[in-house]
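*Asks:*
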Amino acid sequence: MAEITLNVRQLQAFAEVGYQAAGGGGARGAMAALRRVVPVDAYEFVAFDPANGRHHSVVSDGHRRIDGDAAEEYAGLDAYRTAMATRAPVPMPEPGTERYFRRHLAPYGWRAGLTAPLFLADGRYTGLLHLAAREAFLELTGPLVAAVAPMLAHVTDLTRCVIDPVGLPPGFLAAAYDRLGVRREVPGVAKSAALWDESAIAGLARAFIDSRELSRRGLWLDRGGRWHEVRVVRAGVGFQGSIQGAVVAERPCSLPYELTGREVDVLTRVAAGDSNPQIAAALVLSVRTVTTHLEHIFAKLGCDSRTRLTTKALAEGLCRLDV
Numbered sequence: 241m242a243e244i245t246l247n248v249r250q251l252q253a254f255a256e257v258g259y260q261a262a263g264g265g266g267a268r269g270a271m272a273a274l275r276r277v278v279p280v281d282a283y284e285f286v287a288f289d290p291a292n293g294r295h296h297s298v299v300s301d302g303h304r305r306i307d308g309d310a311a312e313e314y315a316g317l318d319a320y321r322t323a324m325a326t327r328a329p330v331p332m333p334e335p336g337t338e339r340y341f342r343r344h345l346a347p348y349g350w351r352a353g354l355t356a357p358l359f360l361a362d363g364r365y366t367g368l369l370h371l372a373a374r375e376a377f378l379e380l381t382g383p384l385v386a387a388v389a390p391m392l393a394h395v396t397d398l399t400r401c402v403i404d405p406v407g408l409p410p411g412f413l414a415a416a417y418d419r420l421g422v423r424r425e426v427p428g429v430a431k432s433a434a435l436w437d438e439s440a441i442a443g444l445a446r447a448f449i450d451s452r453e454l455s456r457r458g459l460w461l462d463r464g465g466r467w468h469e470v471r472v473v474r475a476g477v478g479f480q481g482s483i484q485g486a487v488v489a490e491r492p493c494s495l496p497y498e499l500t501g502r503e504v505d506v507l508t509r510v511a512a513g514d515s516n517p518q519i520a521a522a523l524v525l526s527v528r529t530v531t532t533h534l535e536h537i538f539a540k541l542g543c544d545s546r547t548r549l550t551t552k553a554l555a556e557g558l559c560r561l562d563v
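Counting the sequence shown from 1 gives a position; my numbering is that position plus 240.
1) Measure the CB-CB distance between arginine 424 and aspartate 397 and report whether it falls below 9 Å.
2) Would you decide whether arginine 199 is buried or exposed? Buried here means 16 or more other CB atoms lie within 10 Å of its CB.
3) Beta-carbon separation of glutamate 284 and phenylalanine 412 under 9 Å?
4) DSSP state of threonine 381, grouped into three classes?
5) Just confirm the distance between the C-beta atoms of valine 395 and alanine 282, as a whole number of angstroms; I'd bet it's less than 8 Å.
6) Can you give me the Cβ contacts of aspartate 318 inside the same chain, cut-off strictly under 6 Å, excluding the 5 residues immediately before and after it?
7) Can you tell which of Leu369, Arg327, Pro390 and Leu380 has its C-alpha closest to the C-alpha of aspartate 362?
8) Which term fits asparagine 292, buried or exposed, when burial requires 16 or more other beta carbons within 10 angstroms of its beta carbon?
9) If we call anything under 9 Å between Cβ atoms a contact, is arginine 528 one with glutamine 518?
10) I need the DSSP call for aspartate 562, collapsed to helix, strand or coil.
11) Sort Met332, Glu256, Arg321 and Gly367 by Cα distance to histidine 296 and report the nearest one.
12) Taking just the CA atoms, how far does leucine 534 sit from aspartate 505?
13) Would you check if the distance between the CB atom of cysteine 559 and the CB atom of leucine 495 is smaller than 9 Å?
14) Would you check if the distance between the CB atom of glycine 513 and the CB atom of threonine 550 is smaller than 9 Å?
15) Have a look at the DSSP bridge pairing and note the partners of leucine 360.
16) Measure the alpha-carbon distance for alanine 205 versus leucine 435 and round it to whole angstroms.
17) Among the residues of its own chain, which have a CB less than 6 Å from the CB of leucine 274, if the five just before and after it don't count?
18) What does the alpha-carbon distance come out to for the pair valine 472 and aspartate 289?
Right, here's the structure in full:
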C-alpha cells in the first residue's frame, strides 16, 4: 500500500466512515463520510456470499441502472484477480476492463471507474466497492480508498446477516437457512456441526418458513444415534435480513421424563391426532404394543387424557421432529 499523509479533515472523515460502517448508518452513512475527501459521483457495494460463492449488488447510489449480472461478470475479469492478489483498487478503463467499462459505465456518462476489493482486518474477503466519476479521479483516490477498505468491508459482510433470532436460550448451537436451503452462520451463536452436516435440516427449515408458526420445538435423533433438543425460530437472512429465513438451534440432550425412543415416536403420533390403530400401522407395531407404550407415557408425563398429553408434548417440545 502506498504511504500517504492525511490531514485533519481526512482523518475526521475516516473516523466517521468507521463509525457509520459499524453503526446504524451502514453503507450510505459510510459513503457520505468518504465523499467529504474523495470525489465520487456514484458507487455500488457488491457483497460476496460465502454460502453460495456468488457476488451480488446490495447497495448503490448515483447509478441510473444496475445490471443484475454485472457483479458476477466483474468477478470473471483478470482485473478482479489482480485486485484480489494485490488487495489494491483497480482503475477503469485499464487493460482487461475495457469491455466491462463500455457496457456498464460509459453508456451512463462515467469517464472513470475504480474497484476496490474489501477485506476485513482479519483478512477475510467480503466483497467489492465500485466507484464511478464523470471526471478522472484524483491521484490519491486509490490509496485513500485502500486505506478505508477494511472499515467498508463490514458493509458487505454477509456472515453478519441474520437478524433478530429471538428465543434462543443459552447453550444452543445454531445454523440459519433460507427457503432455498442456503445455510449461514448465526452471529453471536456457535455453529452447530451436527446441523451443518445434516442436509435434511434444510428441508425442516423450509417447511417451517412456509408455515405460519412463529417457533417450533422438538427432539431430533441424529445419524449417530444422539438425541438433540431443537428450537426453530423465524429470522431475516441475507443482506440486512431481507430474506425470510429460519434459525435452527440444537443442544445434545437425554430424553426427558425417562422416555424411550419408541415412546417418543408414539407420543409424536398422538400429538398429530392419530388413533392407536393408525399409530400401530405407521410404526409397524401391534395395537396392543401401542396401548402398552401409551400407558407408560401417561404415567411418566402425569397425564390422564390424550388431550392433556398432546398439550404437554407440544408445549415442552417432546415430539420428534420430521427430519
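Glycine included, C-beta positions come from ideal geometry on N, C-alpha and C. Since the structure is predicted, the reported quantities are computational estimates derived from the model, not experimental observations.
*Replies:* Straight from the coordinates:
1) The answer is no: Cβ separation not under 9 Å.
2) The first residue shown for the chain is 241 and the last is 563, placing residue 199 beyond what the model contains.
3) No, the Cβ-Cβ distance between glutamate 284 and phenylalanine 412 is not below 9 Å.
4) In the structure shown, the three-state DSSP call for threonine 381 is helix.
5) Not quite, the Cβ-Cβ distance comes to about 16 Å (not below 8 Å), so this is no contact.
6) So the qualifying residues of the chain are Gly336.
7) Minimum Cα distance to aspartate 362 is reached at Pro390.
8) Its Cβ having fewer than 16 others within 10 Å, asparagine 292 is exposed.
9) With respect to the 9 Å criterion, arginine 528 and glutamine 518 are not classified as neighbours on the basis of their beta carbons.
10) Looking at aspartate 562 - three-state DSSP - the assignment turns out to be coil, as it is neither helix nor strand.
11) The candidate whose alpha carbon is nearest that of histidine 296 is Gly367.
12) Taking the straight line from one Cα to the other gives about 11 Å.
13) No; because the gap between Cβ atoms is not below 9 Å, this pair is not in contact.
14) Yes, these two residues count as a Cβ contact at 9 Å.
15) DSSP, once it has assigned bridges, lists no residue as partnering leucine 360.
16) Residue 205 is absent from the structure shown; the chain starts at 241 and stops at 563.
17) Closer than 6 Å at Cβ, skipping near neighbours: Val257.
18) The straight-line gap separating the alpha-carbon atoms of valine 472 and aspartate 289 is approximately 23 Å.
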